[in-house]
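Engineer: One structure coming up, written as structure tokens, with questions to follow.
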Amino acid sequence: MHPLRSLILAAAGNDVIRRQVATAPVSRDVVRRFVAGETTADAIDVTRELVARGLNVTLDYLGEDTTDKALAEQTVQAYLDLLDGLQADGLAKHAEVSVKLSAVGQALDDRLAVENAARICARAEQAGTTVTLDMEDHTTTDSTLRVLAELRATWPWVGAVLQSYLHRTELDSARLAGTGSRVRLCKGAYAEPPEVAYPDPHQVDLSYVRCANVLLRGDGFPMFATHDPRLVEIIGTRADSLGRKPGSFEFQMLYGIRPDEQTRLADSGHTVRVYVPYGVQWYGYLMRRLAERPANTAFFLRALVSR
Ligand code: FDA
């Protein structure tokens, strides 16, 4: 892993740095480049703008690693409010939600996470939309896939995320490529040990292509979450040669990253979904985005000093 990436990921977990950055009067614009805002209304406003540009959305209420039942409940309530808002504004057809199980109680116990995620799924069904479970670090993969299986017994449309940096993911892709499944394939954003993950970015890319092939050959709905221009092109070509029509898979990118490419893909007939995070706990998310790209860190630091 690039030393700057390791440093920023370490900073993401460091409480002193967290307090300093979180309380620094960071320019609103810097955070707003990657985060829709702090409230449900902010999230809905950004969703409306993106949908008007022909894009679809998945919304993430920021917060993770909750070891407090009350905070987990607060997160569930935030999702329920959001789903009500999306339905009321007629946006549910184009906007779903992404949920981190650790934010709804996974670290406390699997049962609580299942029950809380089930409440979100039930409301999503009423609103006429779907839910995708984010994937966190490798210690949670088995638990997340178990929760997924349980939720899918009632709501077969619940989606999962698989990370191509993990050795296990080609096999997981095959297991989840069946009819009705929704799988979001990404490279993976956590600092993982070489025992479980490919340390070399080129190997991660090769694994991405292998997993993409498995998903494209399967009967489910693959969702390719990447900003990597080479992978986007390879997937377009593979999808074509396997007879996958636009609309039988989608591209996904993060809010604020390659927005022109998001529009270009949508204008060329692809389904594109933008992952939009919002909420007061934006710090960990922002640090992961900075870790991915030194240019973003420079952008962030410049904005800090030039306020
Ligand atoms: P990579 O980081 O190699 O970047 C390839 C190219 O894309 C770069 O050269 C640059 O051109 C552009 N680019 C990438 N990141 C950029 C940035 N921050 N700013 C500007 N340009 C950038 N991870 C996870 O572990 N669990 C999860 O549940 C999810 N969920 C998820 C949903 C969606 C919709 C997306 C798009 C991503 C995730 N991720 C995730 C994050 C994912 O694992 C990964 O960390 C990022 O998408 C970056 O990887 P890329 O595939 O973009 O490639």
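Numbering (UniProt numbering), first residue to last: 1 to 307. Yeah, the Cβ is synthetic: ideal placement off N, Cα and C, and Gly gets one too.
Considering only the beta carbon of each residue, do residue 184 and residue 214 sit closer than 8 Å?
Structural biologist: Not in contact: residue 184 and residue 214 (Cβ atoms no closer than 8 Å).
Engineer: Starting from the C-beta of residue 172, find all residues in its chain whose C-beta is less than 6 Å away, skip the five residues before and the five after it, and write them out in chain order.
Structural biologist: Cβ within range, chain order: 162.
Engineer: Would the segment 150-169 and the segment 109-121 be scored as touching if the rule is three or more Cβ pairs under 8 Å?
Structural biologist: Cβ pair count under 8 Å is three or more, so yes.
Engineer: What span of residues does the alpha helix (DSSP H) with residue 79 cover, start to end?
Structural biologist: Note, residue 79: alpha helix (DSSP H), 69-88.
Engineer: Just to confirm, does residue 109 get its C-beta within under 7 Å of one of the non-hydrogen atoms of the ligand FDA?
Structural biologist: Flag unset: Cβ of residue 109 not near the ligand FDA.
Engineer: Alpha carbon to alpha carbon, what distance is there between residue 52 and residue 224?
Structural biologist: One C-alpha to the other measures close to 22 Å.
Engineer: Using 7 Å as the cut-off, classify the Cβ of residue 186 as near or not near the heavy atoms of the ligand FDA, replying yes or no.
Structural biologist: Because some heavy atom of the ligand FDA lies under 7 Å away, the Cβ of residue 186 counts as near it: yes.
Engineer: Would you be able to state if there are at least three C-beta pairs under 8 Å between the segment 232-242 and the segment 187-203?
Structural biologist: Because the criterion of three Cβ pairs below 8 Å is not met, the segment 187-203 and the segment 232-242 do not touch.
Engineer: Where residue 308 and residue 179 are concerned, what is the direct C-alpha to C-alpha distance, given to the nearest angstrom?
Structural biologist: Outside the shown range of the chain (1 to 307) lies residue 308, about which nothing can therefore be said.
Engineer: Beta-carbon separation of residue 92 and residue 278 under 8 Å?
Structural biologist: Not closer than 8 Å, so no.
Engineer: May I ask whether a heavy atom of the ligand FDA can be found less than 7 Å away from the beta carbon of residue 201?
Structural biologist: At least one heavy atom of the ligand FDA is nearer than 7 Å to the Cβ of residue 201, so yes.
Engineer: So what's residue 189 in DSSP terms, helix, strand or just coil?
Structural biologist: In this structure, residue 189 counts as coil in the three-state DSSP scheme.
Engineer: Helix, strand or coil: how does DSSP classify residue 255 here?
Structural biologist: Of the three classes helix, strand and coil, the one that applies to residue 255 here is coil, per DSSP.
Engineer: Run through DSSP, which three-state label would residue 277 get?
Structural biologist: Here residue 277 sits in strand by DSSP.
Engineer: Exposed or buried, which one is residue 295 when buried takes at least 16 other CB atoms within 10 Å?
Structural biologist: When all chains shown are included, residue 295 counts as exposed.
Engineer: Taking only runs of the beta strand (DSSP E) that begin and end inside the segment 123-200, which ones reach a length of at least 3 residues, in chain order?
Structural biologist: Segments of the beta strand (DSSP E) lying fully in the segment 123-200: 131-133, 159-163 and 182-186.
Engineer: Using the rule of at least 16 other Cβ atoms within 10 Å of the residue's Cβ for burial, across every protein chain shown, is residue 72 buried or exposed?
Structural biologist: Label assigned to residue 72: buried.
Engineer: What is the residue span of the alpha helix (DSSP H) that residue 57 lies within?
Structural biologist: It is not in any alpha helix (DSSP H) - residue 57 instead sits in the beta strand (DSSP E) that spans 56-61.
Engineer: For residue 241, report the span of its beta strand (DSSP E) as first-last.
Structural biologist: Counting along the chain, residue 241 falls outside any beta strand (DSSP E), though it belongs to the alpha helix (DSSP H) covering 229-241.
Engineer: Per the DSSP calculation, residue 225 is bridged to which residue(s)?
Structural biologist: DSSP lists 252 as partners of residue 225.
Engineer: Around the Cβ of residue 230, are there at least 16 other Cβ atoms within 10 angstroms (buried) or fewer (exposed)?
Structural biologist: Result: exposed.
Engineer: Whose C-alpha, out of 58, 282 and 63, is nearest the C-alpha of residue 271?
Structural biologist: The candidate whose alpha carbon is nearest that of residue 271 is 58.
Engineer: Around the Cβ of residue 241, are there at least 16 other Cβ atoms within 10 angstroms (buried) or fewer (exposed)?
Structural biologist: Per the 10 Å Cβ criterion, exposed.
Engineer: Quick check: is any heavy atom of the ligand FDA less than 7 Å from the C-beta of residue 61?
Structural biologist: Flag unset: Cβ of residue 61 not near the ligand FDA.
Engineer: On a Cα-Cα basis, can you pick out the residue from 244, 187 and 260 that is closest to residue 292?
Structural biologist: Comparing Cα positions, the closest option is 187.
Engineer: Compare the C-alpha of residue 275 against each of 206, 94 and 175 and name the closest.
Structural biologist: Nearest option by C-alpha distance: 94.
Engineer: Starting from residue 95, follow its DSSP beta bridges and name the residues at the other end.
Structural biologist: 57, per the DSSP bridge assignment.
Engineer: With distances taken from CA atoms, which of 166, 170, 48 and 56 is nearest residue 250?
Structural biologist: Nearest of 166, 170, 48 and 56 to residue 250, Cα basis: 56.
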